[in-house]
Amino acid sequence: MKTTAVIMAGGRGERFWPKSRTNLPKQFLSLTSDGETMIQKTIKRLAPLVETEDIFVVTNAAYKQLVHEQLPQLPQENILAEPMARNTAPCIALAAAVIRKKYEDAVMLVLPSDHLIQYEEMYTDTLKQAIRVAEQGDNLVTIGITPTYPETGYGYIKFQRGGEDLPGGVYQVDCFVEKPDLDTAKSYLASRKYLWNSGMFVWKISTITENFRKLMPELYTGMDAMTEAYGTPSFDQVLHDQFAAFPSESIDFGVMEKAEHIYTLSASFGWDDVGNWLALERINQTNEYGNYVTGDVITINTSRSTICGSKRLIAAVGIEDLIVVDTDDAVLICAKDSTQDVKKVIENLRICNRRELI
């Protein structure tokens, strides 16, 4: 069966402000020393699994040209522009509608555009196994990451051993749980019955379509309309009308928490969702003082800090556990234990009508 990939690239990356902006969100930034952007890395590591013409990117209409510039190898028609943000379930329905028109049925990998993977061969092997499980029946497969510390910023998957017909490393999903507090996260880690929810999914087009029919009938009806209109002059109007009517709902809540035949693979391929500025010290090499530094920076008696300079000199003296990010028009200074609150800066800027800084 044909294998396709859908890259979800419509996010705004607000926790990476002030580098990530409305016109250049996180997935289009380079956050590693090799100069490749997040979305370029995502596409590159799919090479052993999916032909280029079978990779589809779903993004905000405002980013369609940006996707084309960063991924010129993709056919233009494979860049699918959402007319408005409607969360991950409608995003996946749009891609499934287009792939169904092209192939009728196929395996569909659904992947975020802004994650990093350290061990790419293990990543490839994990997805190959997930593809096999998805092909075997009406199975919905999600990739779970073996937790290494009690993270409170991720959702979790509780898993259990399934039947003897399941290959090693594949488990039945008991339930999905929301982001826990620290004590709960510690109990999840100690129990060894929970995985981090990576937001990566594998299924057949026919399987997700049937689940939309059962669990999200509005989406199913809209998906049918988009499939019928795709390739005709009316597609853009149909797409706009259907998206305007869709509920804004995640695939986790709309399908995964309610469906049957859900399986997870326990993976340890060096995954990082690069969710906020703390990720830079995980994905890049720090110096002997625990600092990650880029740009024109002088540090004196400074430790365990991330400092990203731009055109101006940054002199850091006697600081520790801070994030400092300088851009042309804004500077972020943030305690490392408050990085989740960077989004509140965006909220404040909106309230103050300072949209030129968002």
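Numbering (the numbering used here), first residue to last: 1 to 358.
Glycine included, C-beta positions come from ideal geometry on N, C-alpha and C.
Roughly how many angstroms lie between the CA atoms of residue i and residue j, to the nearest whole one?
i    : j    : result
Y171 : Q76  : 38 Å
Y188 : L182 : 10 Å
S250 : I92  : 10 Å
L74  : L49  : 15 Å
G155 : R161 : 20 Å
D224 : Q242 : 10 Å
T299 : K344 : 28 Å
F246 : L219 : 6 Å
D138 : E14  : 36 Å
V177 : M216 : 20 Å
K158 : A316 : 43 Å
M226 : L46  : 27 Å
W271 : N197 : 11 Å
G275 : N301 : 28 Å
D174 : Y263 : 9 Å
S30  : K214 : 40 Å
N78  : Y289 : 45 Å
T88  : S33  : 30 Å
A335 : T286 : 18 Å
In this structure, what does DSSP give as the bridge partners for residue i?
i    : result
P112 : M8
D272 : L116
D321 : Paired residues: none, contrary to the question.
A81  : T59
V141 : V202 and Y263
T3   : V107
Could you pull the start and end residues of the alpha helix (DSSP H) that residue i belongs to?
i    : result
F243 : F235 to A245
T264 : Where T264 is concerned, there is no enclosing alpha helix (DSSP H), although the beta strand (DSSP E) it sits in stretches over I262 to A267.
A106 : No alpha helix (DSSP H) holds A106; DSSP gives it neither H nor E.
So residue i is in the beta strand (DSSP E); what residue range does that whole segment cover?
i    : result
L94  : Element bounds for L94: not the beta strand (DSSP E) but the alpha helix (DSSP H), T88 to Y103.
K158 : Y156 to Q160
Task: Residue ranges of each beta strand (DSSP E) within the segment 16-70, 3 or longer - done: With a minimum length of 3 residues, the continuous beta strand (DSSP E) runs that stay inside the segment 16-70 are 55-60.
- [ ] At 4 residues or longer, and completely inside the segment 171-239: list those alpha helix (DSSP H) runs for me, N to C.
- [x] The segment 171-239 contains these whole alpha helix (DSSP H) runs: 182-191, 205-215 and 217-229.
TODO: Could you say if the segment 125-132 and the segment 144-153 meet the contact criterion of at least three C-beta pairs nearer than 8 Å?
DONE: No, they do not touch.
Task: Minimum length 4: unbroken alpha helix (DSSP H) runs contained in the segment 270-349 - done: Here the runs fully enclosed are 279-283.
Task: Inter-stretch contact (C-beta, 8 Å, three-pair minimum) for the segment 252-259 and the segment 114-125 - done: In this structure the segment 252-259 does not lie against the segment 114-125, because fewer than three pairs of beta carbons, one per stretch, are closer than 8 Å.
TODO: Determine contact between the segment 202-213 and the segment 52-59, defined as no fewer than three beta-carbon pairs at a distance below 8 Å.
DONE: Not touching, per the Cβ criterion.
TODO: Please determine if the segment 22-35 and the segment 93-101 are in contact, where contact requires at least 3 C-beta pairs separated by less than 8 Å.
DONE: When C-beta atoms of the segment 22-35 are compared with those of the segment 93-101, fewer than three pairs fall below 8 Å, so the two segments do not count as touching.
Open item on the list: With a threshold of 8 Å, are at least 3 pairs of Cβ atoms found where one atom belongs to the segment 275-286 and the other to the segment 228-242?
Closed with: Touching, no, given that fewer than three Cβ pairs across the two stretches are closer than 8 Å.
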